[in-house]
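Residue numbers (the UniProt record's numbering): 1 to 366.
Where is the CB? At the ideal position from N, CA and C, for every residue including glycine.
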């Protein structure tokens, strides 16, 4: 297969094809052989562990060495007991998800196990914010009661006036045309009244995924609004800001209307965290999550709240230092929640909370 004309990371975001006229039919992103997705947790089976740990030493060599190592047999038995216990534990862990999986209806299995391709996340960005006349134009949620006789090409041409000034307010959201990105079939609206999937049942947008090793998908200091959010895993030497189309991508698959972020990873004071909800009845997007994170940590700390941490000297001290560094030159400023994080203010993604009821946020050093 010929090499793709664009880097792999552009399969998910970054560059979006512009639409300058409606004479050519729309062509979506191609499928590549090596999607740049986040790694999965792999639990080896007991059989594979056992094969890796089998000794290659012959029995005769073991007998020959035994007189010189009087505790060898005892150590061997101890290792064998520990190894068998680990094998049984690995088998139990690997077996539980499989048993639960088999209990599910086949339709639910497919929706939860089929991985969303990178181009499918980007396809929604194309639809929700197409790049018309060189500018991202909001196209979702669709306007109601669109006249069937409305001329799409006329609306498209009206976006620019005789002085070449753009008028995005003239666009009618939800218009369909062969030259415009269609609504992707994968992304269905969440039906009101239906139960929401648990976090561990969702696939998270790669922009929001936590990566244990290597560069994160986003380069974002949560002290700055989402307009200052940049792509992290690129081969570009310069900063590439997230576009409106990038931030319009769904936060999860399937679409959800509520997300509950209720912890910071490795927080020694979890009872003093400020949990918050992200809500969008039309489906939560990447921008919704980023904006809510920023809003939550911009809230001011009250004196009563700060004094309640008297037993947490390190937390108070970190807040004082960060406050002086960030706001010391400005009179009249109050400490914010962000200051409690100290220098750990870089967004590092989300993961399902261990209690299976919300999301854990990861932060890192600036």
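Might you give, ordered along the chain, the residues of its own chain that have their beta carbon closer than 6 Å to the beta carbon of residue i, omitting 5 neighbours on each side?
i: residue 65; result: Residue placement at residue 65 cannot be trusted, given a pLDDT of 39 that sits under 50; what the coordinates show is reported in the next sentence. Once the five neighbours on either side are set aside, residue 65 has no close Cβ partner at all.
i: residue 140; result: 128
i: residue 279; result: 258
i: residue 143; result: 172, 173, 174
Could you give the first and the last residue of the continuous beta strand (DSSP E) run that contains residue i?
i: residue 362; result: 359-364
i: residue 276; result: 276-279
i: residue 263; result: 258-264
i: residue 351; result: 346-352
Determine, using beta carbons only, whether residue i and residue j come nearer to each other than 8 Å.
i: residue 245; j: residue 125; result: yes
i: residue 243; j: residue 136; result: yes
i: residue 372; j: residue 212; result: Residue 372 lies beyond the stretch modelled for the chain, which goes from 1 to 366, so this question has no answer here.
i: residue 238; j: residue 219; result: no
i: residue 184; j: residue 123; result: yes
i: residue 287; j: residue 276; result: no
Suppose you measure from the CA of residue i to the CA of residue j; what does that come to, to the nearest Å?
i: residue 121; j: residue 164; result: 32 Å
i: residue 350; j: residue 201; result: 14 Å
i: residue 352; j: residue 160; result: 45 Å
i: residue 145; j: residue 175; result: 11 Å
i: residue 225; j: residue 254; result: 26 Å
i: residue 204; j: residue 134; result: 29 Å
i: residue 339; j: residue 307; result: 15 Å
i: residue 14; j: residue 206; result: 13 Å
i: residue 177; j: residue 152; result: 7 Å
i: residue 209; j: residue 359; result: 11 Å
i: residue 7; j: residue 247; result: 20 Å
i: residue 162; j: residue 27; result: 30 Å
i: residue 354; j: residue 169; result: 44 Å
i: residue 154; j: residue 21; result: 11 Å
i: residue 393; j: residue 334; result: Lying before the first or after the last residue shown, residue 393 is absent from the chain, which here runs from 1 to 366.
i: residue 148; j: residue 187; result: 24 Å
i: residue 157; j: residue 25; result: 17 Å
i: residue 234; j: residue 11; result: 11 Å
i: residue 290; j: residue 304; result: 28 Å
i: residue 215; j: residue 274; result: 27 Å
i: residue 267; j: residue 302; result: 20 Å
i: residue 320; j: residue 9; result: 40 Å
i: residue 39; j: residue 361; result: Interpretation of residue 39 is limited by its pLDDT of 40, a score under 50 that renders its predicted location unreliable; the figure taken from the coordinates is listed afterwards. So the alpha carbons of these two residues sit roughly 18 Å apart.
Give the C-beta separation of residue i and residue j to the nearest angstrom, bearing in mind that I take them to be a contact with Cβ-Cβ under 8 Å.
i: residue 336; j: residue 300; result: 6 Å
i: residue 264; j: residue 363; result: 6 Å
i: residue 342; j: residue 190; result: Contact flag wrong, Cβ pair sits at about 37 Å.
i: residue 230; j: residue 240; result: 6 Å
i: residue 166; j: residue 19; result: So it is not a contact: roughly 14 Å between Cβ atoms.
i: residue 256; j: residue 195; result: The Cβ separation is near 11 Å, so there is no contact.
i: residue 130; j: residue 181; result: 5 Å
Got a sec, what are the start and stop residues for the alpha helix (DSSP H) residue i sits in?
i: residue 245; result: 244-247
i: residue 198; result: No alpha helix (DSSP H) holds residue 198; DSSP gives it neither H nor E.
i: residue 120; result: 118-128
i: residue 291; result: 286-297
Between residue i and the rest of its own chain, which residues show a CB-CB distance below 8 Å, the 5 nearest in sequence each way excluded?
i: residue 23; result: 179
i: residue 150; result: 172, 175
i: residue 356; result: 198, 199, 200
Who are the near neighbours of residue i in its chain, counting only those whose CB is closer than 7 Å to its CB and skipping five residues on each side?
i: residue 345; result: 221, 222, 223, 338, 363, 366
i: residue 295; result: none
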